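The structure appears right after this line, and notes come after that.
Residue numbers (the UniProt record's numbering): 1 to 1118.
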């Protein structure tokens, strides 16, 4: 039973068809039609089962390739416990089992992945099979079957130095050193040992059986080519090349591609459990640099298979990794979810990067950075998934995504986890065999249908699984694609557990006859005869392109046919075809007809392709990062000891990490803008005085130092007392203070005219609220500036509406709150995050527009200094998680438009494009503690966001009594979890708009709404937007947008919002915004952005960016 406990501790630490009217794209063909009767039959026994070997149900691989060069793709299937099978393609989806004759059944007791490659350079595909050996009686080693050219093979792994014994998953053959032969990366996996749970520094200690290996093929070396007839051995160069090989590497997926477009192949390895994925960047000298933290913000947690392909046709390869986050409500609530906060932080302390249990689609930003858009793209949740294959299955010119699915037993089921945790005390008298049987039976079966997503130009994938022929649940593991019948579309093959292997015939050429294709076969120079690593680029139309790189090993434990098939939509011709071979020789063909198969020969490549840029021309940078340690000597230091979730465990976000913001103004009258940067709790705010050379010098202010216990969340310079200099108002907020704590008071500091500040102790009323923003405006039109101050949150009462304030100035810097008199609807307007004064209706006075969490954008019209809310400003639902709102005339029609920064669509909260959230706020169990009951809709039904244990911890007297096990809770809608009378009287808040939006002012005539809502482009939706600045970036007279965001203070269920690298949107003058790459434009931001402000200096305007728990970034325009 200790094996069960070990397995569970590992998890904890790591952690009817509605489309029948649509003809299925894929037709499943059974063995009587095809002759492929292979079954990967698994039989657990006392020596080997899921409790002894955590990867018992991972299944086997499949490889596709033409082994006899007859123009038809053949298939090889791996059996974990039985005999492997090789099927010769006889045409028209008829296959012949030639396994016995070929001699490729396999000798190892447990086999895993396979790949086909021409290892010896004779123009014939060989077969390499991975195995698990020297473990619990399982014997055997990896096997290399050399093709004899007569449909027979000879096993020669030992001769080639590839007879590894250990825990192998898969191998990839490619020419990493560009010497002309194929080298080998061997992907291995760990088993749980004490060395598997170590600090990341332990990666430097190699484990011979679990660690990965890189083998250099000695067929071609610096000394020249190996003598004819001599078998070249593969040499282990792992350590020298910088490849990790530790006992913590749970390698399940490997893909090879030129991810940074430098002409050299890089490696992406997906690791299961707590270990980070590896991204090895090729250094061009036989070594690699592991760079996953530099290029990726987070990865999948239980990373399974992966694939690499150009999803958005920009010429840069993107990465998809799979996990086991379920789409099904019942399965999700009965399975282990994300790590609890304490375990999550424990892992971070051990040096592991941020990982989340969901599929990731990592979109490349010019090959330099990657951002996960899996949630926004709709592919994050596909359950226990294994093999992703990115390819164009309907030939429309856009890549689709196929995913295999299912596991025989779910070891992350919560009932099983509970049993395993309790058994040592409750069942000590039972035999080990009895315990094992009971434990295994508690793991439910996990049959799930395979997924097929149709790609769209918007990067939102459409689930076509049922409509396209994949509605039946199964246990599918390895998979491959190949054009098995040479009809111009890609067929699919899967290796299934306890069921016959599946062959799916693609009907795209019949269903979509107008969609064309181009099949490209490569004939490389020996020994890389199939041109592995070559890139083929198609260019057509205006600035349109497609790129594929030939790399057969992909998905999970499998390899695809070594040829390329492009779907081309309705195009009859391709303007140009470019092939760049691994040695950077290049050939260009023009006016290539579609609907044909062509063969490209390396001998025809006469051009030098080294350094050739085939992507669309990079834009000239608009900005340069001129940040230095000395330019602005300020570092925000967040109070990391406080966790909002400890106090209110059901709230979705921290509210204590929303600073700093900046105040900009000339405090000493020298004509240069100075800065005030707010401090976190225990950090005083900083006055930074600009020098003549454009740098900033801290000005020590005792008044600020004395107030270091306050949390600064906003600030503004303005003349409060009418003495013609700039005073400073600082907003106090966060979420640490509550009730009558004076640290919630805002502060007014008066300027002595020379930049010296003194706090005016009696200038402001007592405001016992955590607030968010301050916005000056002369409300009563008496010549001085009054203030709107937005209320952010009620301490110990997230979701309750705090007080907001309208502070009227007496002209001498003393303020009184007159909101109840002048704007009673503003008092408890909501959880305000931002506000702006703007004349939205063109009546020559400033109205107030506010935004916040769980609320719509709300406009309060100014009627001679009194304010009333404007109803129905849009036709589109607008309740969101807004963090920033700005006002300007973006379409140059003479009225004021709005742009609002929201949480974005890249969130797990948004289950479907029409998803909504609801939060009920009430002390449900009458224990003097407010609960936030958040739910989301699936159609007309609402389900609780929190799991049973989370709700039970907060409301034990209700939840733990009502649901004594996980089965009774899982899948229940909210109405079955909590009774109507228990929720009666709760405050209800909703979110029905996740996107950041542009609100175009249409004037609201004839009873029509005032604003039309437009979602901002994709790059504005990838993460939560905290900062927006309207600025003319290209000097064309139109207001463009700069933005930034990211938010790490979230529940582990959501995972960090970290996909933002800066937002640059160019306006065409009509309010149509086009995205510019932050990497290419030079406005690349890093971290949690909180404010963006233009600052005048002697060297011109600088863009200053404030970041949470970090220093500032500074940019100049070019």
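Beta carbons: idealized from backbone N, C-alpha and C, even for Gly.
Predicted model only: the values in this text are computed from it and were never measured.
Close Cβ partners of residue i (< 8 Å) along its chain, the five nearest in sequence each way excluded
{"i": "residue 974", "result": "933, 935, 942, 943 and 944"}
{"i": "residue 93", "result": "29, 33, 34, 484, 485, 503 and 505"}
{"i": "residue 344", "result": "338 and 1052"}
{"i": "residue 231", "result": "120, 156, 159 and 160"}
{"i": "residue 924", "result": "931, 933, 955, 958, 978, 982, 983 and 986"}
{"i": "residue 1054", "result": "652, 907, 908 and 909"}
{"i": "residue 778", "result": "784, 785 and 786"}
Of the listed residues the options, nearest to residue i (C-alpha basis)
{"i": "residue 733", "options": "655, 697, 727 and 798", "result": "655"}
{"i": "residue 140", "options": "149, 158 and 107", "result": "107"}
{"i": "residue 442", "options": "931, 418, 835 and 1004", "result": "418"}
{"i": "residue 283", "options": "310, 775, 178 and 316", "result": "178"}
{"i": "residue 673", "options": "794, 835 and 665", "result": "665"}
{"i": "residue 556", "options": "917, 972, 520 and 384", "result": "384"}
{"i": "residue 723", "options": "651, 776, 667 and 471", "result": "667"}
{"i": "residue 239", "options": "252, 248, 208 and 268", "result": "208"}
{"i": "residue 721", "options": "810, 61 and 927", "result": "810"}
{"i": "residue 90", "options": "103, 81, 66 and 109", "result": "66"}
Contacting residues, own chain, Cβ-Cβ under 6 Å from residue i (five flanking each side not counted)
{"i": "residue 203", "result": "244 and 246"}
{"i": "residue 1114", "result": "626, 627, 631, 1102 and 1104"}
{"i": "residue 552", "result": "559, 560 and 562"}
{"i": "residue 38", "result": "77, 85 and 501"}
{"i": "residue 536", "result": "520, 548, 564 and 579"}
{"i": "residue 730", "result": "712, 715 and 747"}
{"i": "residue 473", "result": "447, 448 and 449"}
{"i": "residue 533", "result": "174, 175, 265 and 582"}
Contact check, residue i vs residue j, beta carbons under 8 Å
{"i": "residue 323", "j": "residue 296", "result": "no"}
{"i": "residue 1091", "j": "residue 1110", "result": "no"}
{"i": "residue 147", "j": "residue 124", "result": "yes"}
{"i": "residue 365", "j": "residue 318", "result": "no"}
{"i": "residue 508", "j": "residue 493", "result": "no"}
{"i": "residue 685", "j": "residue 725", "result": "no"}
{"i": "residue 995", "j": "residue 904", "result": "yes"}
{"i": "residue 769", "j": "residue 750", "result": "no"}
{"i": "residue 1046", "j": "residue 638", "result": "no"}
{"i": "residue 839", "j": "residue 554", "result": "no"}
{"i": "residue 872", "j": "residue 1009", "result": "yes"}
{"i": "residue 187", "j": "residue 164", "result": "no"}
{"i": "residue 353", "j": "residue 274", "result": "no"}
{"i": "residue 1061", "j": "residue 1084", "result": "yes"}
{"i": "residue 213", "j": "residue 235", "result": "no"}
{"i": "residue 386", "j": "residue 791", "result": "no"}
Cβ distance (whole Å) where residue i is taken to contact residue j below 8 Å
{"i": "residue 1157", "j": "residue 989", "result": "The chain is shown only over 1 to 1118; residue 1157 falls outside these bounds and no answer can be derived."}
{"i": "residue 173", "j": "residue 115", "result": "7 Å"}
{"i": "residue 79", "j": "residue 480", "result": "No, residue 79 and residue 480 are not in contact; Cβ-Cβ is about 16 Å, not under 8 Å."}
{"i": "residue 495", "j": "residue 469", "result": "No, residue 495 and residue 469 are not in contact; Cβ-Cβ is about 18 Å, not under 8 Å."}
{"i": "residue 266", "j": "residue 278", "result": "No, residue 266 and residue 278 are not in contact; Cβ-Cβ is about 10 Å, not under 8 Å."}
{"i": "residue 1064", "j": "residue 1089", "result": "Actually they do not touch by this definition, with Cβ atoms about 13 Å apart."}
{"i": "residue 530", "j": "residue 118", "result": "6 Å"}
For residue i: DSSP bridge partner residues
{"i": "residue 855", "result": "880"}
{"i": "residue 661", "result": "Per DSSP, none; premise fails for residue 661."}
{"i": "residue 578", "result": "537 and 588"}
{"i": "residue 997", "result": "900 and 1015"}
{"i": "residue 1044", "result": "1027"}
{"i": "residue 365", "result": "369"}
{"i": "residue 796", "result": "Partner(s): none; residue 796 has no beta bridge."}
Beta-carbon proximity list for residue i, same chain, < 7 Å, skipping 5 on both sides
{"i": "residue 1145", "result": "The chain is shown only over 1 to 1118; residue 1145 falls outside these bounds and no answer can be derived."}
{"i": "residue 634", "result": "677, 686, 688, 1111 and 1112"}
{"i": "residue 743", "result": "709, 710, 732 and 737"}
{"i": "residue 597", "result": "519 and 521"}
Contact with chain C by residue i, beta-carbon distance below 8 Å
{"i": "residue 882", "result": "Going by chain labels, chain C is absent from the structure shown, which holds only one protein chain."}
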